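**Q** Input: one structure, supplied below.
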């Protein structure tokens with residue numbers, strides 16, 4: 043079933059189960075190396091074989107020529123967890139200077155709407171691909187990030203450090219996507235190591 047974002051407003055018991063599937067390979071069929079990725083093929087195969095009454099959302103994070111990419115994490119948490127805003131506000135949607143795939147594909151909202159996630163990608167140098175690593179880095183705000191950027195005037199480090207020492211911060215700093223299920227499908231020898 044194609045996903046319907048309006049179902050996200052329904053109580054959990056009344057809406058279809060929703061899965062978000064990511065293909066995390068950097069390969070693309072129409073640019074270097076000229077062959078499409080196994081990740082994309084597996085993503086489409088998985089989406090096609092999941093139960094028909096589930097909502098299926100999927101995204102290929104591959105390198106498409108001229109397409110924006112996921113910007114790197116700026117490590118706001120190194121200053122203060124309250125400076126790390128949920129969802130990330132280090133970049134702006136539709137920015138020309140720093141185009142960000144996370145915001146332009148509305149990935150934070152799509153992750154929030156999904157009941158389960160699946161990440162498919164090869165192992166490169168004993169770890170995930172750079173695309174998946176960037177995605178995971180940008181999800182640091184999910185676990186304890188500040189959902190109230192107005193309390194820190196968007197990005198004021200002094201106000202963020204003060205906020206961390208208040209009783210209000212205990213209620214704000216939660217896992218914003220708690221309760222989701224994640225699955226990781228990795229393939230390849232990664233230089234001699236396989237993991238699933």
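Residue numbers (my numbering): 43 to 238.
We put the CB at the ideal spot given by N, CA and C, even for glycine.
As the structure is a computational prediction, the values presented were derived from the model and not from experiment.
Tell me, please, whether the region 117-124 touches the region 190-204 by the rule of three or more beta-carbon pairs shorter than 8 Å.
**A** With the cut-off at 8 Å, the region 117-124 and the region 190-204 touch.
**Q** Can you give me the C-alpha to C-alpha distance between residue 214 and residue 188, rounded to a whole angstrom?
**A** Their Cα atoms are separated by approximately 6 Å.
**Q** For residue 171, count neighbouring C-beta atoms within 10 Å of its own C-beta (all shown protein chains included) and say buried if the count is 16 or more, exposed if not.
**A** Counting Cβ neighbours within 10 Å, residue 171 comes out buried, since at least 16 surround it.
**Q** Go to residue 210, then tell me how far its alpha helix (DSSP H) extends in each direction, as first and last residue.
**A** 209-214 is the span of the alpha helix (DSSP H), which, as asked, contains residue 210.
**Q** Going along the chain, which residues of its own chain have a beta-carbon closer than 6 Å to the beta-carbon of residue 118, five neighbours each way excluded?
**A** Contacts found: 125 and 126.
**Q** Would you identify the three-state DSSP class for residue 50, choosing helix, strand or coil?
**A** Note: residue 50 maps to helix in three-state DSSP.
**Q** When you compare each of 208, 175 and 181 to residue 66 by their alpha carbons, which one comes out closest?
**A** Among 208, 175 and 181, the Cα nearest to that of residue 66 belongs to 175.
**Q** Measuring alpha carbon to alpha carbon, tell me which residue in 186, 131, 63 and 99 is nearest residue 212.
**A** Of the candidates 186, 131, 63 and 99, the one whose C-alpha sits nearest the C-alpha of residue 212 is 186.
**Q** Counting C-beta neighbours from all protein chains within 10 Å, is the total for residue 61 16 or more, i.e. buried, or is it exposed?
**A** Answer is buried; the Cβ neighbour count reaches 16.
**Q** Take the Cβ of residue 196 as the centre, count every other Cβ of all protein chains shown within 10 Å, and call the residue buried at 16 or more, exposed below.
**A** By the neighbour-count rule (16 or more Cβ atoms within 10 Å), residue 196 is not buried but exposed.
**Q** Using the DSSP secondary-structure output, state which residues sit across from residue 159 in a beta bridge.
**A** Paired residues: 62 and 224.
**Q** Is residue 108 closer than 8 Å to residue 69 when the C-beta atoms are compared?
**A** For residue 69 and residue 108, no; Cβs fall outside 8 Å.
**Q** Does the beta-carbon distance from residue 179 to residue 114 come in below 8 Å?
**A** It is a contact, given that the beta carbons lie within the stated cut-off.
**Q** Whose C-alpha, out of 101, 53, 228 and 112, is nearest the C-alpha of residue 152?
**A** Closest option to residue 152, Cα to Cα, is 101.
**Q** Can we count residue 176 as close to the ligand HEM, meaning its CB is less than 7 Å from some heavy atom?
**A** In the structure on display, the ligand HEM does not appear, and there are no ligands present to speak of.
**Q** Return the bridge partner residues of residue 112 from the DSSP annotation.
**A** Paired residue(s): none; residue 112 is not in a bridge.
**Q** Classify residue 128 as buried or exposed, calling it buried when 16 or more other Cβ atoms lie within 10 Å of its own Cβ.
**A** The residue in question, residue 128, is buried, as its Cβ has 16 or more Cβ neighbours within 10 Å.
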